[in-house]
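Below: one structure, written as structure tokens.
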Amino acid sequence: MDIKFDLVRIGSARENYSSEKILKQNVDLLRNNIRDLLKDEKCSHKNNCDHMTMIIPAKGFNIKILLRDITDFHIRKLIRENFPNSIYNGKSDTISDYATNRVFR
Numbered sequence: 388m389d390i391k392f393d394l395v396r397i398g399s400a401r402e403n404y405s406s407e408k409i410l411k412q413n414v415d416l417l418r419n420n421i422r423d424l425l426k427d428e429k430c431s432h433k434n435n436c437d438h439m440t441m442i443i444p445a446k447g448f449n450i451k452i453l454l455r456d457i458t459d460f461h462i463r464k465l466i467r468e469n470f471p472n473s474i475y476n477g478k479s480d481t482i483s484d485y486a487t488n489r490v491f492r
């Protein structure tokens with residue numbers, strides 16, 4: 388299964404270069420873990436592809452996943468079971484407000 392990732396940053400980029408580097412590594416790590424989990428799964432769509440939004444927080448280093456963008460319920464369940472601490476529980480208005488922010492410097 389192929390996953391397309393969109394990134395949304397809440398707030399602006401951090402001034403500390405090492406913090407930005409840690410965030411980028413965390414994004415890559417979560418992205419690779421999700422791809423490894425879903426590589427043998429079949430999506431209900433005919434093109435076997437789904438989209439997922441990853442959220443970079445304004446504070447902290449924990450990257451979150453927006454589950455409402457995932458259209459296949461089986462994939463949602465797998466993500467929820469395997470990454471329970473990475474599920475975004477905030478307001479959806481926040482995501483739309485910051486959708487045009489620059490992700491990394």
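Per my numbering, the very first residue in the sequence shown carries number 388; after that it's consecutive. Backbone N, C-alpha and C fix where the C-beta goes; we use that ideal spot for every residue, glycine too. For clarity, every value in this text was computed on a predicted model and none was experimentally measured.
Could you tell me which residues DSSP pairs with residue i in its beta bridges?
i    : result
L410 : Answer is none; L410 lacks a bridge partner.
M388 : Its beta-bridge partners do not exist; DSSP assigns none.
D427 : In the DSSP output, where bridge partners are listed per residue, D427 has none listed.
Going by C-alpha distance, which of the options is nearest residue i?
i    : options                   : result
C430 : I474, L465, I409 and R396 : L465
E428 : V490, D459, K478 and N472 : D459
L410 : I421, R422 and I397       : I397
K391 : S399, N419 and Y404       : N419
L424 : H461, N476, I443 and I450 : H461
Are the CB atoms of residue i and residue j nearer to each other than 9 angstroms?
i    : j    : result
M441 : L417 : yes
L394 : I452 : no
V414 : I450 : yes
Starting from residue i, trace the alpha helix (DSSP H) both ways and give me its first and last residue.
i    : result
L453 : L453 -> not in any alpha helix (DSSP H); beta strand (DSSP E) instead, spanning K451 to L453.
K464 : F460 to N469
D480 : S479 to D484
Would you mind reading off the limits of the beta strand (DSSP E) that contains residue i?
i    : result
D437 : C436 to I443
Any idea if residue i is buried or exposed, counting beta-carbon neighbours within 10 angstroms, 16 or more meaning buried?
i    : result
K446 : exposed
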